[in-house]
Structures are given as structure tokens and as C-alpha cells.
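Okay, so here's the structure we're looking at.
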Amino acid sequence: MATRSSRLTLAIGALVVALSADYGRSAAFQTAAAKRIVSLVPAVTEMLFAIGAGPQVIAVSSFDTFPPEVRKLPKVGALIDPDTERILSLRPDLVVTYGSQEDARARFERAGIRTFAYRHGGLAAMLDTLRQVGAIAGRVTAASETASRIDQRLNQLRERVRGRPRPLTLLVFERSPQTLRGIYVSGGTGFLNEMLDYAGGLNVFADVKREAVQPSQETLLKRAPQVILEIRASQMLNDADVRRDHDVWNSLLSLPAVRQRRVHFLTGSPLVVPGPRVAEGVELMARVLHPDVFR
Numbered sequence: 530m531a532t533r534s535s536r537l538t539l540a541i542g543a544l545v546v547a548l549s550a551d552y553g554r555s556a557a558f559q560t561a562a563a564k565r566i567v568s569l570v571p572a573v574t575e576m577l578f579a580i581g582a583g584p585q586v587i588a589v590s591s592f593d594t595f596p597p598e599v600r601k602l603p604k605v606g607a608l609i610d611p612d613t614e615r616i617l618s619l620r621p622d623l624v625v626t627y628g629s630q631e632d633a634r635a636r637f638e639r640a641g642i643r644t645f646a647y648r649h650g651g652l653a654a655m656l657d658t659l660r661q662v663g664a665i666a667g668r669v670t671a672a673s674e675t676a677s678r679i680d681q682r683l684n685q686l687r688e689r690v691r692g693r694p695r696p697l698t699l700l701v702f703e704r705s706p707q708t709l710r711g712i713y714v715s716g717g718t719g720f721l722n723e724m725l726d727y728a729g730g731l732n733v734f735a736d737v738k739r740e741a742v743q744p745s746q747e748t749l750l751k752r753a754p755q756v757i758l759e760i761r762a763s764q765m766l767n768d769a770d771v772r773r774d775h776d777v778w779n780s781l782l783s784l785p786a787v788r789q790r791r792v793h794f795l796t797g798s799p800l801v802v803p804g805p806r807v808a809e810g811v812e813l814m815a816r817v818l819h820p821d822v823f824r
């Protein structure tokens, strides 16, 4: 007959085996490549397609437009309105959320669905995110190669404008239509500021360590930018649009950028989505800041 001590030993051994099995299942859950991915973040959606994981994406956010294949996928909300019921009904094994979507992420995790929390950062953080996404999707090599190509292209652009005068630049990413109210510009941190740096510009708000600044017209006059770059994600501008927007800025003729006719309007999602096409956005900026380099 087994002694009390031996029975206790056997019980402990059985518990260890059970815990080991649970750990093994948990580790497999964490490391298995995701096959059914829902992405609420356009930048991460682009990353997944860029590394060959597009076929693993089953739904995307309401704001996803690139690559064209995403237009055929179900749209399941975005930052402020994720359709959690619809997402759960699709039976994903990974949901990509914004870092601030804590409630939605907790609900997915309670349902046994893995999540990846995306947070904005600089370009180095973007490349790190690309590699992390590659690991989760089982595309480690492709992600590493893609990150290396992006980094190489960014450095090539930086070298191309190296040694050129760096104009003091105001980088505008939002304002109220047909007025200079509600202006938001890049501060001295974040991917927009770094894109401008690679493109050979000097951010007029580089000393303000925030991603976004809402300056008054008085502040703009004091900062006196030599160039204004106004970027928009998708709106195409015809000649009449450009003339109208130039007229809006002409109300601040005291700005060197306005007097010297160095107000430029750039469109395209590579300018505002910190993903695999970010070097395209940098080149768009560089071409207007240093046009002689690209002739």
C-alpha cells in the first residue's frame, strides 16, 4: 500500500505533468503562425500584404484602401467603432488593434483570440513592428528582408539630399477647409517628423517634443517657416483646388514660405501611413524640398 508520502509525491507529479501540458498548449498558442487575421490598423494591413501574408487576412478596418485587394474584404470598423460581434463571428486567430483599444482587446482575449496591440512611433518603431508582425504571421524571413529594403531606401534618400541647405519647414497634416483655422502640424517627435528629416527638411517645430502641434497664426508668424508642406492622404487636387488653397495661405504673406511661393500640397497615403511605402512618402517630400537633386 502506498504511504501518504508516496501518494503526495504521485499527486505532485501528476500536477506537474498537467501544468506542463497546459504550458505547452499555451506556448503553442502564442507561437503558432496566425492564419486568420483581422487588422483594424491600415499600417499593419499594408505590412501583412507586403510580407506575403495577405491571404491570411480575412477582414480589415473601415479605412483600409491599400493594397487594392483589401477592398474585397469585410470591413469591421476602426479605432473608435470596432464591430466586435462581427469580428468574433469571423473566427479569427489574431486581431490587430490599436494600443488604446483596451476594452476590445480584452474581449477578444477572453474569447481565446490572440491580439497584437499597435502603437504609433518613429520609423525605427515601424520597422520593429514589421518584424514582429512577420513573426506572428509566420513570415519572419520576408519581414526581415522587407524591413531591410525599407531602411536601405530611406538611407539612400537621406544620402541624396545630404549637404543641401535644410529649409525650415512647416509640415501641415490637417486644417479646416478653405481657412487657416484648425491647423495641426508635426511636432518634433513621431514618424512625420522623421520623414521630413530624411527628406532634407528642418521641422520648424522640432523643439516641441510632441507628435502634433496646433499653432496659432501668431505662432506661425514667429516661427517664420521657409517652406510649407501640406499633406493629405487621398484627396486629389485639380488646378482650381491648388489655386484656392494657395489663396488661403496668401492671407499670411508675412511668412517667408508664402512670399517665396514655397507652399506645396502633397497627396497620397504613403505620406500618412507609417508602413512599407513610407520611403515613397519621403521621396515626395524630398522632391519639393530639393527639386534640383531629382532632375
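If you count by our numbering, then the sequence shown holds residues 530 to 824, one letter each, in order. Don't be surprised by glycine CBs; every beta carbon is placed ideally from N, CA and C.
Beta-carbon contacts of Asn-732 that lie in its chain and below 7 Å, excluding the five residues immediately before and after
In its chain, beyond the 5 residues on either side, Thr-698, Leu-700, Ser-715, Gly-717, Asn-722 and Leu-725 have a beta carbon closer than 7 Å to the beta carbon of Asn-732.
Could you pull the start and end residues of the beta strand (DSSP E) that Val-624 belongs to?
623-627
The beta strand (DSSP E) enclosing Glu-674, as first and last residue numbers:
Not the beta strand (DSSP E): Glu-674 falls in the alpha helix (DSSP H), residues 669-690.
Own chain residues within Cβ distance below 8 Å of Val-567, not counting five before or after
Val-586, Ile-587, Ala-588, Val-589, Val-605, Ile-616, Leu-619, Pro-621, Leu-623, Val-624 and Val-625
Can you tell me whether DSSP reads Leu-818 as helix, strand or coil?
helix
What residues match up with Glu-759 in a beta bridge as DSSP calls it?
Answer by DSSP bridge pairing, in chain order: Val-701 and Phe-794.
Distance, Phe-595 Cα to Ala-735 Cα:
31 Å
Alpha carbon to alpha carbon, what distance is there between Val-737 and His-819?
25 Å
Arg-565: first and last residue of the uninterrupted beta strand (DSSP E) it sits in
That residue, Arg-565, is in no beta strand (DSSP E); it is neither H nor E in DSSP.
Nearest to Val-807 by alpha carbon, out of Pro-611, Ala-633 and Ala-676?
Ala-676
Measure the CB-CB distance between Ala-563 and Ile-665 and report whether it falls below 7 Å.
Cβ distance < 7 Å, so Ala-563 and Ile-665 count as in contact.
List the whole-angstrom C-beta distance separating Ser-798 from Ala-741, where the pair is believed to meet the contact cut-off of C-beta under 8 Å.
Cβ atoms of Ser-798 and Ala-741 stay farther apart than 8 Å, at about 18 Å.
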